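**Q** Residue numbers in the sequence shown follow this note's numbering, run continuously in steps of one, and reach 433 at the last position.
For every residue, glycine included, the Cβ atom is placed at its ideal position computed from N, Cα and C.
Just so we're clear, the structure is a prediction, and the values are computed from it rather than from any experiment.
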Amino acid sequence: MTPEHQPPTGTSATDTHDPLFGPPPGCPAGALGPGGLHRLYGAGAEDLDDLYERLREQYGPVAPVLLHDDVPMWVVLGHAENLQVVRSPSQYTRDSRIWAPLLDGRVKQDHPLMPHIAWQPICSHAEGDEHLRLRNAVTSAMATIDHRSVRRHIGGHTQHLANSFCERGRADLVAQFAEHLPMAVLCEILGMPEEYNDRMVQAARDALKGTETAIQSHAYVMDALNRLTLRRRARPEDDFTSHLVMHEAKLSDDEVREHLRLVLFAAYEATANLLANALRMVLTEPGFRARLNGGQMTVPEAIEQSLWDEPPFSTVFGYFAKQDTELGGQRIAKGDGILFAPAPGNIDPRVRPDLAASMQGNRSHLAFGGGPHECPGQDIGRAIADVGVDALLTRLPDVQLACAEDDLRWRSSIASRHLVSLPVRFEPKPQQD
């Protein structure tokens, strides 16, 4: 069953209140959705951070919610409960083919969230021996990456991007920096530096946004990955794609291409968000920048603080219960869907009673997941953010926000929050080699 059939009963599996038949008296959920359950979309869900805190107050660390078309799901708000989900492969799977609303026809193939939820033959959805085969190929290829060389590429691309706007004394650090640097570096790592250009960046952004031209943009990226796969199959070199092709797991061309897509899109999206969020924190929080300038905090430590406060992915679709179980005091039925949720999990008051307190030196955030499906490329993402932010601040030490902080705008979805732009000003600087 799903939360719609067997809704949770507060924070206790033995509580007698059943929200399917209406919320407690005075609860604002009454006008929202079937059974008084909160929707994570539409009117009333514009501020998901606020909604998550209201859900935490009402239900505790695990809450019932409704996705598009009022499809029921559980969202995990607690830090410990999120870790329990990702670290318990015997209880929870990434394979959506057991999801009850999909099996009973309530979720159709054209559901807006199917691109996130639909099962795919890739390591992040696989289990058992197949997961080990695919995951080992990816992690082995990752292990061949020369991190010293990557850091040089990051520094070089940062200087190149800064040269494109340094003489003007103003820039948008989202559109002109954060959305470009990860793609430039990832194209180098994958072995297709010639594919990096404005069109590739625009295509990736468009495909991730799900606009009217997303299908064409996705095809543009996949064409590049297909060309790369065929080239490296014919003539391997010393790059990620070649090592993936040559791995003893003997991935097919389709498997290679799909894992290149997974690495490119996931790493690009996460790192672009991380860069933008870290730069925003430096520019808008005086204490943050003062600690950096005074040597009390390093850029890598600042990046970790950003991963706590604004993880690149707010939630991850999805995990699915393989059996009847209990999570955070709630009864979870076999086939129920579960949202792994780093954003609310990272501010669980049981872990962070004082959100203003620094998390310096603490890497136990949920930004990169955990368990068998923990992000294998997190060190690359950290390096792009660490080196990119440090090099940019060194190049533009007087950079300041060019608008009021309240004027910054976000584009939000259940999965993530994107800073739309980050306008800055600084004294014009000459180009550098």
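1. Please state the DSSP three-state secondary structure of Tyr196.
2. What are the boundary residues of the alpha helix (DSSP H) that includes Gly210?
3. CA-CA distance, Ile215 and Ala207?
4. Evaluate Gly377 with the Cβ neighbour count: other Cβ atoms within 10 Å of its Cβ, from every protein chain shown; 16 or more gives buried, anything less gives exposed.
5. Under three-state DSSP, which class holds Gln432?
6. What span of residues does the alpha helix (DSSP H) with Glu304 cover, start to end?
7. Can you tell me where the beta strand (DSSP E) with Gly337 in it begins and where it stops?
8. I'd like to confirm the pairing. Which residues does DSSP put opposite Asp239 in its beta bridges?
9. To the nearest angstrom, how far is the alpha carbon of Asp47 from that of Tyr59?
10. Just confirm the distance between the C-beta atoms of Ile98 and Phe320, as a whole number of angstroms; I'd bet it's less than 8 angstroms.
11. May I ask you to verify whether the region 390 to 409 touches the region 277 to 290, counting CB pairs closer than 8 angstroms and requiring at least 3?
12. Are the region 127 to 137 and the region 101 to 115 touching by the rule of at least three beta carbon pairs closer than 8 angstroms?
13. Since Leu434 sits in a beta bridge, which residues does DSSP pair it with?
14. Looking at the structure shown, is Thr144 part of a helix, part of a strand, or coil, going by DSSP?
15. Using a 10 Å radius around the Cβ and a threshold of 16 neighbouring Cβ atoms, would you call Pro28 buried or exposed?
16. Could you work out which residue in Gln305, Lys334 and Trp119 is closest to Ser364 when comparing CA atoms only?
17. Touch check for the region 394 to 409 and the region 358 to 372: three-plus C-beta pairs under 8 angstroms?
18. What does the alpha-carbon distance come out to for the pair Gly22 and Gly36?
19. Return the residue from the list Glu310, Lys322 and Leu408 that minimises the CA-CA distance to Ile347.
**A** In short, the structure shows the following:
1. Locating residue 196 in the sequence shown gives position 196, counting from the first residue. It is coil, neither helix nor strand.
2. For this step, residue 210 is matched to residue 210 along the sequence shown. Neither: Gly210 is in no alpha helix (DSSP H) and is coded neither H nor E.
3. Within the sequence shown, the letter at position 215 stands for residue 215. Within the sequence shown, the letter at position 207 stands for residue 207. Cα to Cα, the separation comes out at about 7 angstroms.
4. By 1-based counting over the sequence shown, the position of residue 377 is 377. By the neighbour-count rule (16 or more Cβ atoms within 10 Å), Gly377 is buried.
5. As a position in the sequence shown, residue 432 is number 432, starting the count at 1. The answer is coil: DSSP assigns Gln432 none of H, G, I, E or B.
6. Within the sequence shown, numbered from 1, the residue matching residue 304 stands at position 304. That run of the alpha helix (DSSP H) goes Val299 to Asp309.
7. The count along the sequence shown starts at 1 and reaches residue 337 at position 337. That run of the beta strand (DSSP E) goes Gly337 to Phe340.
8. Here the question's residue 239 lines up with position 239 in the sequence shown. None; Asp239 has no bridge partner.
9. Counting from one through the sequence shown, the residue named residue 47 turns up at place 47. Counting from one through the sequence shown, the residue named residue 59 turns up at place 59. Approximately 18 angstroms between the Cα atoms of the pair.
10. The residue labelled residue 98 in the question sits at position 98 within the sequence shown. The residue labelled residue 320 in the question sits at position 320 within the sequence shown. Your pair Ile98 and Phe320 checks out as a contact, with CB atoms roughly 5 angstroms apart and the cut at 8 angstroms.
11. yes
12. Three or more Cβ pairs closer than 8 angstroms define a contact, and the region 127 to 137 falls short of that threshold against the region 101 to 115.
13. This structure cannot settle anything about residue 434, because the visible part of the chain is limited to 1 through 433.
14. Counted from its first residue, the sequence shown places residue 144 at position 144. In this structure, Thr144 counts as coil in the three-state DSSP scheme.
15. On the sequence shown, position 28 is the one that residue 28 refers to. Residue placement at Pro28 is flagged as unreliable, the pLDDT there being 35, under the threshold of 50; a coordinate-derived value is accordingly withheld.
16. Within the sequence shown, residue 364 is the residue found at index 364, counting from 1. The shortest Cα separation from Ser364 among Gln305, Lys334 and Trp119 belongs to Gln305.
17. As far as the Cβ criterion goes, the region 394 to 409 does not touch the region 358 to 372, which means the pair count is below three.
18. The residue you call residue 22 lines up with position 22 of the sequence shown. The residue you call residue 36 lines up with position 36 of the sequence shown. The predicted position of Gly22 is uncertain, since its pLDDT is 35 and thus under 50; a value taken from the coordinates is nonetheless stated next. Whole-angstrom Cα-Cα distance: 5 angstroms.
19. Locating residue 347 in the sequence shown gives position 347, counting from the first residue. Checked all of Glu310, Lys322 and Leu408; the closest Cα to Ile347 is Glu310.
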